[in-house]
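Chemist:
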Amino acid sequence: MSLELSEVTIKNVLTRTTGFLKTVTSHSLQPYRGCPLGNSLSGVGCYVQHNGHVLKGRRWGSFLEVRTNAAESYAENYEREKRWAQRNTANQRFSIFMSSATEPFLPQEARYQVTQRILEAMLAQPPDELVVQTHTHRVTRALPTLSELNSRSQLRVHVSIETDRDGMPDLPPHASSVDQRFDACQQLRAAGIRTIVTVSPLLPIEDPLKFFSRIAEVADAVVIDHFVEGDGSSDGHRTAKTRLPSSIQMIDAAALHLDYRDRIVSIAKSHIAEVGVNIDGFAGRLLT
Numbered sequence: 001m002s003l004e005l006s007e008v009t010i011k012n013v014l015t016r017t018t019g020f021l022k023t024v025t026s027h028s029l030q031p032y033r034g035c036p037l038g039n040s041l042s043g044v045g046c047y048v049q050h051n052g053h054v055l056k057g058r059r060w061g062s063f064l065e066v067r068t069n070a071a072e073s074y075a076e077n078y079e080r081e082k083r084w085a086q087r088n089t090a091n092q093r094f095s096i097f098m099s100s101a102t103e104p105f106l107p108q109e110a111r112y113q114v115t116q117r118i119l120e121a122m123l124a125q126p127p128d129e130l131v132v133q134t135h136t137h138r139v140t141r142a143l144p145t146l147s148e149l150n151s152r153s154q155l156r157v158h159v160s161i162e163t164d165r166d167g168m169p170d171l172p173p174h175a176s177s178v179d180q181r182f183d184a185c186q187q188l189r190a191a192g193i194r195t196i197v198t199v200s201p202l203l204p205i206e207d208p209l210k211f212f213s214r215i216a217e218v219a220d221a222v223v224i225d226h227f228v229e230g231d232g233s234s235d236g237h238r239t240a241k242t243r244l245p246s247s248i249q250m251i252d253a254a255a256l257h258l259d260y261r262d263r264i265v266s267i268a269k270s271h272i273a274e275v276g277v278n279i280d281g282f283a284g285r286l287l288t
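Counting from 1, one number per residue, gives the positions in the sequence shown under the numbering used here.
1) Anyone know if the C-beta pair for G167 and H174 falls short of 9 Å?
2) Tell me the DSSP secondary structure of I205 in three-state form.
3) L14 and S100: beta carbons closer than 9 Å?
4) From D235 to P201, what does the alpha carbon distance come to, in whole angstroms?
5) Could you tell me whether the Cβ atoms of V24 and I279 are closer together than 9 Å?
6) Going by DSSP in three states, V178 sits in which element: helix, strand or coil?
7) With contact counted as at least three CB pairs below 8 Å, one residue from each stretch, are the segment 21-38 and the segment 55-73 in contact?
8) Check whether the segment 241-253 touches the segment 146-161, taking contact to mean three or more Cβ pairs, one atom from each stretch, closer than 8 Å.
9) Which of the three DSSP states, helix, strand or coil, is assigned to F63?
10) What residues in its chain sit with their C-beta under 8 Å from that of L188, if we drop five residues either side in the sequence?
11) With a threshold of 16 other CB atoms inside 10 Å of the CB of E81, please say whether the residue is buried or exposed.
12) What would DSSP say about R138, mapped onto helix, strand or coil?
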């Protein structure tokens, strides 16, 4: 699939959160709009593909808007949005989720450096809390800046690892291999950054005991998120329209249901002290 790439400017890169994300942070931040990883395994299960406001009739994975002035927009809007968060959130904290609708560390980031410049702007004007959500090992390219920011903001990095399998039947490959993402977690944690593996969306796991034992070695916590209850619909019917359920069915039909998630959560709790489930996990509300 060809990629429609454009450079755009944005008035305010800080979006006040609504819906489920409102329970996680006061704001979200998208360095890009769209995501070429939509053509990878993570893109097949990505919940953003159901967001008509983002897609505007386009196919998920076919477009990328580079927000070239995102760092400047952050700096310009920082004080106003911080004051808003202090007045309008229960914990009075200016907190940011980066990102809920794109991948901050796309291959194109090497050229455009949008995310890198945002992180550098945050060094001068840090949020109270920053949650970085990524599906790729490329997050380690920002490790020096993240390490510095870690001393100025309450930082945690979420790395998505949906399964221990190298692939799924009839689906495209991972954008980053399982091993690459485990290695990224190890580097982040070694740098003193709170690191959380997000098993989202949960796919069939070949060896759960080994998988969670491995996570325990490289992460501080794990979040397990099933597309039922997780994709923004009450019963997972949005994901049911994608190729993901049929691929899951070929491996383990039980994994299509919440009972499977609950069994996996029980196994995870036997290996890891902090386990989160669905949105509570993304918000840092973990089972102990």
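Think of the CB as a built atom: it goes at the ideal place given N, C-alpha and C, for glycine as much as any other residue.
Modeler: To lay it out plainly:
1) Taking the first residue of the sequence shown as 1, we reach residue 167 at position 167. Taking the first residue of the sequence shown as 1, we reach residue 174 at position 174. Yes, the Cβ-Cβ distance between G167 and H174 is below 9 Å.
2) Position 205 of the sequence shown, counting from 1, holds the residue named residue 205. Looking at I205 - three-state DSSP - the assignment turns out to be coil, as it is neither helix nor strand.
3) Within the sequence shown, numbered from 1, the residue matching residue 14 stands at position 14. Within the sequence shown, numbered from 1, the residue matching residue 100 stands at position 100. No, Cβ-Cβ distance for L14 and S100 is not below 9 Å.
4) To locate residue 235, count along the sequence shown from 1; it is residue 235. To locate residue 201, count along the sequence shown from 1; it is residue 201. Rounded to whole angstroms, D235 to P201 spans 14 Å at the Cα level.
5) Taking the sequence shown and counting its residues from 1, one reaches residue 24 at position 24. Taking the sequence shown and counting its residues from 1, one reaches residue 279 at position 279. A contact, by the Cβ cut-off of 9 Å.
6) On the sequence shown, residue 178 is found 178 positions in, with the first residue counted as 1. Of the three classes helix, strand and coil, the one that applies to V178 here is helix, per DSSP.
7) yes
8) no
9) Translated into positions along the sequence shown, residue 63 becomes position 63. The answer is strand: DSSP assigns F63 an E or B state.
10) As a first step, residue 188 is located in the sequence shown; it is residue number 188 there, counting from the start. Correct list, in chain order: V139, T140, L143, L146, V157, V159 and T195.
11) Residue 81 sits at position 81 when you count from the first residue of the sequence shown. When all chains shown are included, E81 counts as buried.
12) Start at 1 with the first residue of the sequence shown, and residue 138 comes out as number 138. DSSP places R138 in helix when its eight states are reduced to three.
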